[in-house]
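Enquirer: Residue numbers (my numbering): 573 to 1324.
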C-alpha cells in the first residue's frame, strides 16, 4: 500500500458528500473521494434519509465501486447511529436509554439491540456508534437522557447487555463505547466543557464501565470524548487512548473520533496550530479513524509522514486495526447485502411488541398517594388529558431518534401518543376523553390555560403530561427563543441552568390543580425536573422518560392497571438545581452537609420506584463473616409478593466500607436483580460477590482490597435499606491485572 492508500483507510466520508439531492450517487464525488479507498462510510441511510432498500442499494453501489474500481479493492465500514434504535427512516424507535436504564434489565436491553442489529445488517451496516457509558452526575447536562444513569455499576451492566445484543457472538454489529472518558462531568454541566477530576475518581467512576464492558463483552470500538481532562483533550491523550485502553486493558479494536473532535484540537481547544498538527496529535495518541469525514487526516497525514513529522509505522499500526476490523466483519469476503430483503426486519410486529414492552417496563411510579392509581375505566365518566406532551409523537423521542434528531425538520412516522392510547381505552370502557394542550413545551403563552381548566373541571380525573422537548440542537443563543413553542431543552447541545419544567408548564399544572379535580402528573422527559411542588400537591406522579414510538401505550397500560409498574430510578431526583450534586454514592461529607433551608437528601433516591403491590424482604444472610481478599461471599435474601397483584421488584445490593483508609462513597451498588413475582409468591435471590469488587485505588494508585469491616445492604432503593449483614476482610491484597471481577452473579429460586 502507498502512504496515500494507507491514510485513506483512516478517513471517512459522509452521505451528504456522496449523494445527490434525489438520493442517487454523485458519481463525480465518488470518484474524487474514494479513488484511494476509504475507512468508513458515514450514515448513508440515516444522514441520507434513505428508506431501507435504498440505503442497502447505495451501500452496495459504493462497495462495488471500492471493490472493482480502486487499485486495492478494499471495501469500507458503513456505520450508523442507533442509541435508541437505528437512526434512519423506518428504524424502530425504542425508549431513550435513561428510560431503558429504569428497567434495570440488561436482558431487555440485549433484546432491543438484537432487534437493532437485524435492521442495521439489512442495510449493509457493520458498525454502530453506540452505546453511551457516560456517568450522569450533573443533571443540567442535556445528554443525561442518553446515559444509563448516575451509577458506574448500573451503567456497566446495562451497557454490557447493549453490546452483547448488538455484537452477538462476534458476527454482529461492532458496538462503539462512548464517550471516552468522563464526558458527563463537564464544568457547568455543559457539553464538551473541561473535566477536572482526580485520577482516582476518573478510574473508579468514569473509566470503570468502559473497562468492565471491554473485559467482559469484548466491545469492538471506542469513541473519544470531546473535552479535555485536566488540560489534555481526550482526542490527543496518549495516556488515555493507548496506555490505559490498550496497554492496561488489552483493547484491540478501533478507536474512532467523535464527529469533528480531531479538528476541535485546533478550533476549540487551541492546542494544535493547524489541521495537520491536529491530525498528527490524534493519530499519535492512538485515534485510528477520523469521523464523520476526512478533514485533518488524509493529505495532511500524508504530508506529515513525508515531512518526517509522524512515523509511517504509527500510521501502519492504525491501518492494521482498521483492516482487521474489516476482515472480522466479513467485508473482505462479501461487502454487499440482499437489497430485496432489506425491508424484512423493519416495521415488524415483533419489533412493535418489543418497543411496547420496553416502554411499559420503563415506567417509574414515584408517588401514588392512597393508591390513587391505577384507574378503573369502567368507573370513570370523563378524563381530562392536558399538556404539551400528550399528543405530539416527536415529544416521545430521545435526541438520537430519527424523528427527533433534527428539531427543524418534519418526519413522517408511526407512533402512539398518550392521548391515542387513553382515547382507545375510553372507547372501550365508555368514558369521555377531553383534551386540551394548555400550553407548548416552551414559550410564555397562557391563553389556553382556561380551556385546559374547563376540561378538567367537569372530569373525574385530570392527567397532565409535561416535560422537555429533546433534540440535538447547536443553534446560537437568541433572545427570541424564549417565546418559541418548542425549543429543545434536553439532548445534545441542550444544556440548561435550571431543572424547572420549561416554559409555563408548571403554571399549567397549578392552574389545573386549582380546579379541585384529582390530578395525575406524567413527566415525559429525558431528565429529572424540579417537581417538589407537584409531589406535595398531586396524588400521583409517573415518570415516563422518553418512551419511544409506542410510549403512549406503555403509559396507558400503567395508568389503567394493565401493567404493574416496575421501573426504578437510575438517577436521583433533586429538589432543585441548587442541590446538585445529589447522586446517592457521594462521600460522607458531601452527602451529609446541608444547604440553608434545604436537606442534603434528594426528593427521590436512586433506585426508587413504586408498585401496585407490596413486597416483603427477609433477612440478608451471608455465607461467611470473614472474606479473604481473593475470595467470594454469597448473600441471600427472600422476597415475597404480599399483595394481590403480580409485579416486578428490583432487588438492590449495596456495599459499604467501615473506617476505610481514605474517604469513600457512603455505599456503592454491587449487584441487582429484577424479579417477577405473582401475588403470594416468594423467591430467594442469591448474590455471588467477588472480593475484588470491593477494591479501590490506594495512595499509590494500586488497586487493592483493603482489610477491615464491611457491610452489605439489601433494599428497595439506595435510601430504603431493609436488611444488612456485616463481614470482615482480614488482610489487604492488591488485585492482579487479570484477577478482577466486575459483576456480581445472581441466582433466583422459587421458594415453595
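Note that beta-carbon positions come from the ideal geometry of N, C-alpha and C, so glycine has one too. No experiment lies behind these values; they were computed from the predicted model shown.
Given residue 1069, which residues of its chain have a CB within under 6 Å of its CB, disregarding the five upstream and five downstream residues?
Expert: So no residue of the chain qualifies.
Enquirer: Is the Cβ-Cβ distance between residue 718 and residue 992 less than 8 Å?
Expert: Contact flag unset, no.
Enquirer: Quick one: residues in its chain with C-beta nearer than 6 Å to the C-beta of residue 576, no 5 flanking neighbours on either side, listed in chain order?
Expert: Excluding positions up to five away in sequence, the list reads 608 and 874.
Enquirer: Under 6 Å Cβ to Cβ from residue 1007, same chain only, skipping five residues before and after it: list those, please.
Expert: Excluding residues within five positions, the ones whose Cβ falls inside 6 Å are 957 and 991.
Enquirer: Would the region 959-970 count as touching the region 1104-1124 if we require 3 or more Cβ pairs under 8 Å?
Expert: At 8 Å Cβ cutoff, the stretches touch.
Enquirer: Could you name the residues of the same chain whose beta carbon sits closer than 6 Å to that of residue 1293, not counting the 5 residues immediately before and after it, in chain order?
Expert: Excluding positions up to five away in sequence, the list reads 1285 and 1287.
Enquirer: Name the DSSP beta bridge partners of residue 651, please?
Expert: Its beta-bridge partners are 614 and 699.
Enquirer: In the DSSP assignment, find the beta strand (DSSP E) that holds residue 909 and state where it starts and stops.
Expert: Here residue 909 belongs to no beta strand (DSSP E), and DSSP marks it neither H nor E.
Enquirer: Nearest-angstrom Cα distance between residue 1211 and residue 631?
Expert: So the two alpha carbons sit approximately 52 Å from each other.
Enquirer: Measuring CB atoms only, is the region 1246-1263 touching the region 1156-1171, in the sense that at least three cross pairs come out at less than 8 Å?
Expert: They do not touch, by the three-pair rule.
Enquirer: Tell me, to the nearest whole angstrom, how far the beta carbon of residue 784 is from that of residue 709; I am working on the premise that it is less than 8 Å.
Expert: Contact doesn't hold; Cβ gap of about 18 Å is too wide.
Enquirer: Which of the three DSSP states is assigned to residue 1281 in this structure?
Expert: Strand at residue 1281.
Enquirer: Have a look at the DSSP bridge pairing and note the partners of residue 586.
Expert: In the DSSP output, where bridge partners are listed per residue, residue 586 has 614.
Enquirer: Taking only three categories from DSSP, how would you classify residue 1037?
Expert: Note: residue 1037 maps to strand in three-state DSSP.
Enquirer: Using only the heavy atoms of the ligand MN, determine whether one of them is closer than 7 Å to the beta carbon of residue 943.
Expert: By its list of ligands, the structure shown contains no ligand whatsoever, and the ligand MN lies outside what it can speak to.
Enquirer: Taking three-plus beta-carbon pairs below 8 Å as touching, is the region 1076-1092 in contact with the region 1021-1039?
Expert: A contact exists between the region 1076-1092 and the region 1021-1039.
Enquirer: Apart from the five residues just before and just after residue 1327, which ones in its own chain have a Cβ nearer than 7 Å to its Cβ?
Expert: The structure shown does not extend to residue 1327, since the chain spans only 573 to 1324, so no value can be given for it.
Enquirer: Report the start-end ranges of each beta strand (DSSP E) in the region 913-952 that is 3 residues or longer and not cut off at the edges.
Expert: 936-940, all fully within the region 913-952.
Enquirer: Please determine if the region 631-645 and the region 665-681 are in contact, where contact requires at least 3 C-beta pairs separated by less than 8 Å.
Expert: Because the criterion of three Cβ pairs below 8 Å is not met, the region 631-645 and the region 665-681 do not touch.
Enquirer: Curious, which full-length alpha helix (DSSP H) runs of at least 4 residues does the region 666-732 contain?
Expert: Fully enclosed alpha helix (DSSP H) runs of 4 or longer: 669-673 and 678-694.
Enquirer: Would you report the Cα separation of residue 1248 and residue 1299, rounded to the nearest angstrom?
Expert: Roughly 30 Å separates the two Cα atoms.
Enquirer: Give the DSSP bridge partners of residue 1208, in chain order.
Expert: DSSP, once it has assigned bridges, lists 1193 and 1258 as partnering residue 1208.
Enquirer: With DSSP run on the structure shown, which of helix, strand or coil describes residue 799?
Expert: DSSP places residue 799 in coil when its eight states are reduced to three.
Enquirer: In this structure, does DSSP put residue 974 in helix, strand or coil?
Expert: If DSSP states are grouped into helix, strand and coil, residue 974 belongs with the helices.
Enquirer: State yes or no: is the C-beta of residue 1295 within less than 8 Å of the C-beta of residue 1191?
Expert: Yes, they are a contact pair.
Enquirer: Assign residue 825 to buried or exposed, taking buried as 16 or more other Cβ atoms, counted over all protein chains shown, within 10 Å of its Cβ.
Expert: That one is buried.
Enquirer: Does DSSP put residue 1132 in a helix, a strand or coil?
Expert: In this structure, residue 1132 counts as coil in the three-state DSSP scheme.
Enquirer: Quick one: give me the first and last residue of the beta strand (DSSP E) that residue 1317 is part of.
Expert: Looking at the DSSP string, the run of the beta strand (DSSP E) that includes residue 1317 is 1317-1323.
Enquirer: Rank 930, 1043, 1039 and 952 by C-alpha distance to the C-alpha of residue 977 and give the top, closest one.
Expert: Cα-wise, what sits closest to residue 977 is 1043.
Enquirer: Curious, which full-length alpha helix (DSSP H) runs of at least 4 residues does the region 1105-1154 contain?
Expert: Those alpha helix (DSSP H) runs which fall completely within the region 1105-1154 and span 4+ residues are 1123-1131.
Enquirer: If you run the structure through DSSP and keep just helix, strand and coil, what is residue 1180?
Expert: It is coil, neither helix nor strand.
Enquirer: Report buried or exposed for residue 1000, applying the criterion of at least 16 other Cβ atoms within 10 angstroms of its Cβ.
Expert: With fewer than 16 Cβ atoms within 10 Å of its Cβ, residue 1000 is classed as exposed.
Enquirer: Which class does residue 882 belong to by DSSP, given the choice of helix, strand or coil?
Expert: Residue state, collapsed to three classes: coil.
Enquirer: Just to confirm before moving on: does the CB-CB distance between residue 866 and residue 585 stay below 8 Å?
Expert: Against a cut-off of 8 Å, the Cβ pair of residue 585 and residue 866 comes out as a contact.
Enquirer: As a quick exercise: from 599, 621 and 619, pick the residue whose alpha carbon is nearest that of residue 641.
Expert: For the residues 599, 621 and 619, the minimum Cα distance to residue 641 belongs to 599.
Enquirer: Please work out which residues of its chain come closer than 7 Å, Cβ to Cβ, to residue 931, disregarding the five sequence neighbours upstream and downstream, and give them in chain order.
Expert: Around residue 931: 667, 1119, 1120, 1122, 1123, 1125 and 1126.
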